[in-house]
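Only one structure is covered here, and it is reproduced in the block below.
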Amino acid sequence: MRILLLTAALMFTCIGCSKPSAEEMFNKGVEAQRMDQYDNAISTYQQLAETYPDSSRAPEAVYAIGSIYQNHKHSYHEAIQSYRRLLEKYPQHATAANASFLIGFIYNNELKNIDSARIAYEDFMRRYPANQLVASAQFEVANLGKNPADLLNVQSPLAQQKTKPAGKK
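Taking my numbering, the leading residue of the sequence shown gets 13, the next gets one more, and so forth.
The following block contains the structure:
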């Protein structure tokens, strides 16, 4: 009887010790992010990416880390670092092209580092030549260093595409 109780106690202890799945961790990170608990979300996403690097959720977690650093913590160097990690580990993932573009965007628009922005945008266009953001990257490169007020009358490539009449290219 004593052995049976000891076995049952060990089983319940082990059940409580099992680590959460990648999906559970991702959902926990999403929930923390939704509640504006950004440090908790980053920590959870980092743990997911380290524990389950081959999970389909790992690249999404790395992208989410970059997005939090960029949009909520305004820690632009950390955002770039996260996006670069995504490009290094998961270059074919659906979020990789956006991450590559965002590196150039952050250098240009947040850090005002024109040389690094040019390099990042050119890298993006080389890696993802068929991506829909290539026209925007070309526009950004053509206008690096220009005063934003001077660009008010210049139409972006995406706006040009939307205003073209049907059947015209």
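All C-beta atoms, glycine included, are put in the ideal place defined by N, C-alpha and C.
- The stretch 117-127 and the stretch 102-109 do not touch, with fewer than 3 CB-CB distances between them shorter than 8 Å.
- Using a 10 angstroms sphere on the CB of Pro71, the tally of other CB atoms reaches 16 or more, which defines it as buried.
- With distances taken between CA atoms, Ala44 lies nearest to His84 out of Ser67, Ser68, His84 and Pro160.
- DSSP places Gly157 in no alpha helix (DSSP H); its state is neither H nor E.
- Judged by DSSP in its simplified three-state form, Ala142 adopts coil rather than helix or strand.
- Its chain contains Val153 and Leu156 as the residues whose beta carbon lies nearer than 7 Å to that of Arg130, once the 5 sequence neighbours on both sides are disregarded; these appear in chain order.
- The beta carbons of Ala73 and Ala91 sit no closer together than 7 Å.
- Around the Cβ of Leu114, a 10 Å sphere holds 16 or more other Cβ atoms; the residue is buried.
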